[in-house]
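Quick notes on the structure that follows.
Residue numbers (the working numbering), protein chains in the order written: chain C, 1 to 96; chain P, 1 to 197.
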């Protein structure tokens, strides 16, 4: 039987965020917003969902007197992404 | 990018590929460090070469410039770190490689000074090749990969050449390994900056 695709990751923006963070050690919110072409509000909501699932870590700090939000993928996030890709491969190989 | 859209498996795979590619292309080196070190090493090598004819005592200390250049290098590194809005695994590894190179060079200079190591210039050239080649390979920036290889080829040649001609070889290596790639990186960076305005 097929394993269900992780509903947290199986969403356009959340998957884009995780896919971007998987290759980087950390990234600022503004950088993620530019790379995903998302609106700040939408991105903020999706980042919160990823954070609540324990897939990313969000660090809020100040840089040159301006607030800065840094996102970093967690070990659970890496694992979830790996599982998601494996499930995806299973689906795609059966569909061929 | 909107959240509500229902994804197919194929679309998921496309998103993953596209975002990973974007992150891989995120290397945005300004070229300032490569240019600075290229100029300094070429300058010091040529001064040492001509001083073999001039015999001006104080010019023997010209290589101290490389030690002094560590200060602007640290300032550049801090400024670039503040400017960057992401940190890649590659950039962390490269920083570690260049720091190791700097420490290795410093230790070797100390021992070379103490024990008058023969063919020290060749050993320096071998050192220059290591981080240059690695950086080129990691960032897929071919001029630097070739620059690193050029350092090793020139290192072999330098074994058969005597001082002060080895200084001319060092200058050539610095031009190929750092100055030219630095110019190219700078031009690319300025072009990208212009496009993003």
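Glycine included, C-beta positions come from ideal geometry on N, C-alpha and C. None of the values given here were measured: they were computed from a predicted structure.
Run down chain P in chain order and give the residues with a C-beta less than 7 Å from the C-beta of residue i.
i            : result
residue 88/C : 9, 12, 13
residue 19/C : 15, 16, 19, 20
Does the CB of residue i have a neighbour CB from chain P at under 7 Å?
i            : result
residue 75/C : no
residue 12/C : yes
residue 55/C : no
residue 91/C : yes
residue 66/C : no
residue 52/C : no
residue 35/C : yes
residue 1/C  : Low confidence applies here, because residue 1/C scores a pLDDT of 47, under 50, leaving its location unreliable; read the following figure in that light. No, because no Cβ of chain P sits closer than 7 Å to the Cβ of residue 1/C.
Can you find a C-beta in chain C that's less than 7 Å from the C-beta of residue i?
i             : result
residue 22/P  : yes
residue 138/P : no
residue 19/P  : yes
residue 16/P  : yes
My output table needs one value for residue i: the three-state DSSP class, helix, strand or coil.
i             : result
residue 62/C  : strand
residue 86/P  : strand
residue 189/P : helix
residue 128/P : helix
residue 169/P : helix
residue 135/P : helix
residue 141/P : coil
residue 106/P : helix
residue 160/P : coil
Please list the partners that residue i has in chain C, where partner means a Cβ-to-Cβ separation under 8 Å.
i             : result
residue 186/P : Neighbours of residue 186/P on chain C: none; closest Cβ ~22 Å, over 8 Å.
residue 88/P  : 23, 24, 25
For a contact meaning CB atoms closer than 7 Å, what does residue i contact in chain C?
i            : result
residue 85/P : 27, 28, 30, 31
Report the neighbours of residue i on chain C: residues whose CB is nearer than 9 Å to its CB, in chain order.
i             : result
residue 103/P : Correct list: empty, because the minimum Cβ distance to chain C is about 23 Å.
residue 92/P  : 25
Would you please state the rounded distance, in angstroms, between the beta carbons of residue i and residue j? I believe it to be under 8 Å.
i             : j            : result
residue 56/C  : residue 21/C : 6 Å
residue 178/P : residue 63/P : The pair is not a contact, with the Cβ atoms about 16 Å apart (cut-off 8 Å).
residue 19/P  : residue 19/C : 4 Å
residue 72/C  : residue 28/C : With 8 Å as the limit, residue 72/C and residue 28/C do not qualify as a contact, their Cβ atoms being about 11 Å apart.
Every unbroken beta strand (DSSP E) inside the region 5-78 of chain C [3 residues or more] = Fully enclosed beta strand (DSSP E) runs of 3 or longer: 24-28, 56-63, 66-73.
ask   = At what residue ranges does the region 16-101 of chain P contain a whole run of the beta strand (DSSP E), taking only runs of 3 or more?
value = 86-88
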